[in-house]
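Residue numbering for the sequence shown follows full-length UniProt numbering, beginning at 1 and increasing consecutively.
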Amino acid sequence: MTTRSVKPLHGAALLALSALLFSLMGVGIREVSASVNNESVVFFRNLVGVLFFLPLILLRGVQPLKTTRVKSHMWRTTYGLAAMYCFFYAIAHLPLADAMLFTYSAPLFTPLIAWWWLKEPLSKRMLSTSAIGLVGVLLVAKPSAALLDSQALIGLAASVMAAFAFVSIREMSDTEPAYRIVFYFSMFSALISAIPMAWAWQPMTQHELGLLLVIGLLATASQIIMSKAYGLAPPGLIGPFAYLAIVFAGLIAWLRWGETPDLTSLLGAALIFSASLFSITRSKRS
1 MTTRSVKPLH GAALLALSAL LFSLMGVGIR EVSASVNNES VVFFRNLVGV
51 LFFLPLILLR GVQPLKTTRV KSHMWRTTYG LAAMYCFFYA IAHLPLADAM
101 LFTYSAPLFT PLIAWWWLKE PLSKRMLSTS AIGLVGVLLV AKPSAALLDS
151 QALIGLAASV MAAFAFVSIR EMSDTEPAYR IVFYFSMFSA LISAIPMAWA
201 WQPMTQHELG LLLVIGLLAT ASQIIMSKAY GLAPPGLIGP FAYLAIVFAG
251 LIAWLRWGET PDLTSLLGAA LIFSASLFSI TRSKRS
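The following block contains the structure:
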């Protein structure tokens with residue numbers, strides 16, 4: 001197996017791990033959002049992301065974090081932070097399956113954005129793989145009537161902004177390693193999301209602060225792994241593996257709340273796995 005074919009395999013595996021961590025983060029957000037406002041959840045998620053890098057800075061100094069791509073990092077922050085606000089709001093106000101559906105439909109838009117922005121090739125197979133994966137997501141999530149509510153537009157915005165964020169990672173991955181991309185995203189996002197805390201601050205219990213800490217650690221680890229994944233392979237190629245988060249969320253819901261998947265959910269999971277495997281098979285042949 002050549003290096004060229006191994007990279008998409010590694011990228012897909014990393015993206016699957018990132019999806020697992022992200023689904024765990026989504027469950028934590030749903031738990032804490034019952035008593036903590038959206039502004040606080042977003043701020044603490046980003047603050048923990050910055051603190052995550054303190055040991056690296058203390059051990060190796062700021063040299064590994066130096067960059068000449070500040071503008072690219074700012075664009076990545078703009079897209080990513082907008083997606084975060086929308087996604088966290090969707091989790092708090094829509095059924096969890098609906099919110100996850102919106103966020104993980106981002107790979108549907110990713111190949112189109114990568115084609116428009118990065119001039120990466122867009123084939124019929126890429127489009128069909130994304131479409132199959134999206135059908136699987138719909139079958140697993142079984143979106144409720146809440147999707148017809150105006151709040152659903154916020155969830156859709158989360159999906160589109162996340163797709164732009166994924167492609168922006170790919171755009172600067174030629175010079176920026178994953179940890180640097182995540183550091184600047186966390187730092188810029190923490191500074192920007194601190195502004196609403198001037199009027200949205202609220203006292204919190206130790207349990208709530210503990211949940212926010214776990215959410216921040218899961219999110220940061222997921223971001224680092226995701227950034228590495230999209231640096232190894234084009235977004236349109238490995239994007240369908242992000243759909244696995246819906247499967248992971250279903251398993252977690254079964255373990256946490258005793259929700260058992262029905263036949264429709266199992267069929268949807270099969271389509272998601274099929275789309276993911278089809279994507280990798282295509283990359284090996286090419």
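Heads up, the beta-carbon is just placed ideally off N, CA and C, and yes, glycines get one too.
With 16 other Cβ atoms within 10 Å as the buried cut-off, status of residue i
i	result
Ala275	buried
Gln223	buried
His207	exposed
Ser283	Here Ser283 scores only 49 on pLDDT, less than 50, and its place in the model should not be relied on; the value that follows carries that caveat. Classification for Ser283: buried.
Gly80	buried
Thr129	buried
Lys228	buried
Leu255	exposed
Ser168	buried
Val42	buried
Ile195	exposed
Thr264	exposed
Same chain, Cβ closer than 8 Å to residue i, five either side skipped, listed in chain order
i	result
Lys7	Leu232 and Ala233
Ser40	Met197, Ala200, Trp201, Gln202, Met204 and Leu212
Leu218	Leu21, Phe22, Leu24, Met25 and Gly28
Ala270	Gly136
DSSP three-state assignment for residue i, whether helix, strand or coil
i	result
Pro177	coil
Val36	coil
Met204	coil
Pro196	coil
Ala13	helix
Glu31	helix
Ala253	helix
Lys66	coil
Glu120	coil
Pro234	coil
Ser23	helix
Ser128	helix
Gly258	coil
Gln222	Contrary to the premise, residue 222 reads as Ser rather than Gln in this sequence. Residue state, collapsed to three classes: helix.
Ser105	coil
Continuous alpha helix (DSSP H) stretch holding residue i: start and end
i	result
Arg60	Leu54 to Arg60
Phe88	Val70 to His93
Same chain, Cβ closer than 6 Å to residue i, neighbours up to 5 away in sequence not counted
i	result
His73	Tyr184
Trp117	Val167
Ala163	Ala106, Phe109, Thr110 and Ile113
Phe241	Ala12, Leu15, Ala16 and Ser276
Own chain, CB closer than 7 Å to residue i, minus 5 neighbours either side, in chain order
i	result
Phe44	Leu212 and Gly216
Ala158	Ala83, Cys86, Phe87, Ala90, Phe102 and Thr103
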